[in-house]
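Q: Position in the sequence shown counted from 1, then plus 71, gives you the working numbering. Ideal Cβ positions, reconstructed from N, Cα and C, are used throughout, including at glycine. On a predicted model such as this, the values are computed, not experimentally measured, just so you know.
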Amino acid sequence: MVKHIPRGCELCLKGAKLVLFVTGLCDRWCYYCPLGETRKGRDVVYADEILVEKDIDVILEGRAIDAEGTGITGGDPLIRLNRTLKYIRILKDFFGEEHHIHLYTNGMYASREALIKLKEAGLDEIRFHVTESNRHKIKDAKILGLCAGAEVPAIPGEESRLRDLVLYLKRIGADFLNINQLEFTPQNAYQLKERGFELDGPAAAKGSEETARKVIQWAESEGIDLPIYYCSSSTKDNMQLKMRLLRRLKNVIRPYEEITDDGLIGKFLVIPKAVLPGELRRRLILEFGIPHYMSRVSADGQSLVIHRAFLESVLKFFPDSSVVYVKEYPTAIRERMAKIPLRY
Ligand code: SF4
Numbered sequence: 072m073v074k075h076i077p078r079g080c081e082l083c084l085k086g087a088k089l090v091l092f093v094t095g096l097c098d099r100w101c102y103y104c105p106l107g108e109t110r111k112g113r114d115v116v117y118a119d120e121i122l123v124e125k126d127i128d129v130i131l132e133g134r135a136i137d138a139e140g141t142g143i144t145g146g147d148p149l150i151r152l153n154r155t156l157k158y159i160r161i162l163k164d165f166f167g168e169e170h171h172i173h174l175y176t177n178g179m180y181a182s183r184e185a186l187i188k189l190k191e192a193g194l195d196e197i198r199f200h201v202t203e204s205n206r207h208k209i210k211d212a213k214i215l216g217l218c219a220g221a222e223v224p225a226i227p228g229e230e231s232r233l234r235d236l237v238l239y240l241k242r243i244g245a246d247f248l249n250i251n252q253l254e255f256t257p258q259n260a261y262q263l264k265e266r267g268f269e270l271d272g273p274a275a276a277k278g279s280e281e282t283a284r285k286v287i288q289w290a291e292s293e294g295i296d297l298p299i300y301y302c303s304s305s306t307k308d309n310m311q312l313k314m315r316l317l318r319r320l321k322n323v324i325r326p327y328e329e330i331t332d333d334g335l336i337g338k339f340l341v342i343p344k345a346v347l348p349g350e351l352r353r354r355l356i357l358e359f360g361i362p363h364y365m366s367r368v369s370a371d372g373q374s375l376v377i378h379r380a381f382l383e384s385v386l387k388f389f390p391d392s393s394v395v396y397v398k399e400y401p402t403a404i405r406e407r408m409a410k411i412p413l414r415y
């Protein structure tokens with residue numbers, strides 16, 4: 072039953088949400104916690120894949136993906152409430168009030184005072200990964216005027232618990248329930264295996280989707296008009312991440328690079344034999360009039376990156392050069408995905 076997808080999800084599916092990981096600290100220790108070892112239990116901040124050292128890093132990443140909103144996550148962001156408040160204010164100040172911010176918390180530290188501060192700072196939406204004992208915090212958030220709901224994994228065999236949550240959310244007038252597909256990650260794989268869960272596809276836990284679907288069908292058949300949204304692991308990988316990288320791509324591409332058919336950054340590396348790459352570049356600019364912004368010496372100093380349009384001319388005058396075509400992900404660290412020797 073999808074009545075209204077939460078605004079936070081809408082933007083996420085467009086790849087328009089910056090994912091701001093405020094801290095890896097969390098006092099709940101769920102056995103299925105998907106956090107990787109560089110984040111879990113570590114008090115670090117990441118804006119998408121970038122380790123944040125200064126506040127400006129958050130803004131720059133937001134600009135790089137043309138962010139229309141931010142999803143604040145962790146760990147539990149409320150363990151670092153002041154830090155979270157600071158980022159909400161920075162983001163709203165820089166990107167404007169319409170920049171939609173949602174936050175994901177386990178609710179342990181969601182006191183009334185904390186919720187008031189979050190609301191005052193400009194938080195738009197809050198999602199609780201609650202237990203039965205603290206789910207009343209969703210109601211507290213609603214009373215304070217926040218858009219509030221629950222976000223939980225679909226654990227195979229726990230349908231009745233999910234149904235109970237649906238009834239509770241309906242009773243208190245919550246805005247939504249998001250059900251995520253339970254996923255295997257390198258960090259939780261042992262715990263999930265120990266509990267008898269099995270893989271279904273590259274990362275999904277077998278039976279998780281079925282559990283979510285059954286709960287949604289049951290809610291429909293009961294006429295429960297709570298918006299329920301199911302987010303599969305493939306939706307996360309194929310849509311959310313892919314869309315975000317495509318948005319990033321058009322902002323980070325350099326004049327001497329190109330966008331490949333598969334949505335990566337493509338570029339030609341020329342490795343000259345007779346001259347150093349820096350000297351080759353200087354001559355191309357001075358003797359052949361190639362604009363300076365159409366080439367660059369590679370970070371390792373071994374080659375010259377040059378735009379496709381000038382490759383033929385370069386090879387005409389420096390015929391003994393080798394050429395390699397590389398493809399990279401448009402992330403901050405630009406993971407190399409392919410290296411194709413064209414001439415050597
Ligand atoms: S609440 Fe979230 S971050 Fe904390 S342990 Fe559970 S899954 Fe991990």
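(1) Check whether the region 134 to 148 touches the region 156 to 171, counting contact only when three or more Cβ pairs, one atom from each stretch, lie closer than 8 angstroms.
(2) With DSSP run on the structure shown, which of helix, strand or coil describes valine 286?
(3) Within the continuous beta strand (DSSP E) that includes proline 348, where are the two ends?
(4) For leucine 122 and glutamine 311, I'd like the C-alpha separation in whole angstroms.
(5) Buried or exposed: where does valine 73 fall if 16 or more other Cβ atoms within 10 Å of its Cβ makes it buried?
(6) Is the closest heavy atom of the ligand SF4 to the C-beta of glycine 145 under 7 angstroms?
(7) Kindly indicate which residue of Asp147, Ala118, Val385 has the alpha-carbon position closest to the one of arginine 315.
(8) Using a Cβ cut-off of 8 angstroms (strictly closer), state whether proline 348 contacts chain B.
(9) Would you grab the beta carbon distance between phenylalanine 247 and proline 298 for me? Rounded to a whole angstrom, and I think it's under 8 angstroms.
(10) Can you find the residues in the same chain that come closer than 7 angstroms, C-beta to C-beta, to lysine 344, ignoring five residues on each side of it along the sequence?
(11) Using the rule of at least 16 other Cβ atoms within 10 Å of the residue's Cβ for burial, across every protein chain shown, is phenylalanine 166 buried or exposed?
(12) By the three-class DSSP mapping on this structure, what secondary structure does leucine 91 have?
(13) Could you give the DSSP three-state label for leucine 217: helix, strand or coil?
(14) Just reading off the beta strand (DSSP E) that leucine 340 is part of, what are its end residues?
(15) Apart from the five residues on each side of it in sequence, which residues of its chain come closer than 8 angstroms, Cβ to Cβ, to tyrosine 327?
A: Concretely, from the data shown:
(1) yes
(2) The count along the sequence shown starts at 1 and reaches residue 286 at position 215. DSSP, read as helix, strand or coil, puts valine 286 in helix.
(3) Along the sequence shown, one-based indexing puts residue 348 at 277. Counting along the chain, proline 348 falls outside any beta strand (DSSP E), though it belongs to the alpha helix (DSSP H) covering 348 to 357.
(4) Position 51 of the sequence shown, counted from the start, is the residue given in the question as residue 122. Position 240 of the sequence shown, counted from the start, is the residue given in the question as residue 311. Going from the Cα of leucine 122 to the Cα of glutamine 311 covers about 20 angstroms.
(5) As a working mapping, residue 73 is identified with position 2 in the sequence shown. A caution first: valine 73 carries a pLDDT of 43, below 50, which makes its placement in the model unreliable, though a value can still be read off. Exposed is the call here.
(6) Residue mapping note: residue 145 aligns to position 74 of the sequence shown, counting from 1. Yes.
(7) Along the sequence shown, read from residue 1 onward, the residue named residue 315 stands at position 244. Nearest C-alpha to arginine 315: Ala118.
(8) Among the chains of the structure shown, chain B does not appear; only one protein chain is present.
(9) For the purposes of this step, residue 247 is taken as the residue at position 176 of the sequence shown. For the purposes of this step, residue 298 is taken as the residue at position 227 of the sequence shown. The pair is a contact, with the Cβ atoms about 5 angstroms apart (cut-off 8 angstroms).
(10) Working through the sequence shown from its first residue, we reach residue 344 at position 273. So the qualifying residues of the chain are Asp391, Ser392.
(11) As a first step, residue 166 must be located in the sequence shown, where it is residue number 95. Around the beta carbon of phenylalanine 166, 16 or more other beta carbons lie within 10 angstroms, which makes this residue buried.
(12) Position 20 of the sequence shown, counted from the start, is the residue given in the question as residue 91. Strand at leucine 91.
(13) Sequence index remark: in the sequence shown, residue 217 carries index 146 (1-based). The answer is coil: DSSP assigns leucine 217 none of H, G, I, E or B.
(14) As a position in the sequence shown, residue 340 is number 269, starting the count at 1. It spans 336 to 342 - the beta strand (DSSP E) in which leucine 340 sits, taken as one unbroken run.
(15) On the sequence shown, residue 327 is found 256 positions in, with the first residue counted as 1. These residues qualify, in order along the chain: Lys338, Tyr364, Met365, Ser366, Arg367, Val376, Ile377, His378.
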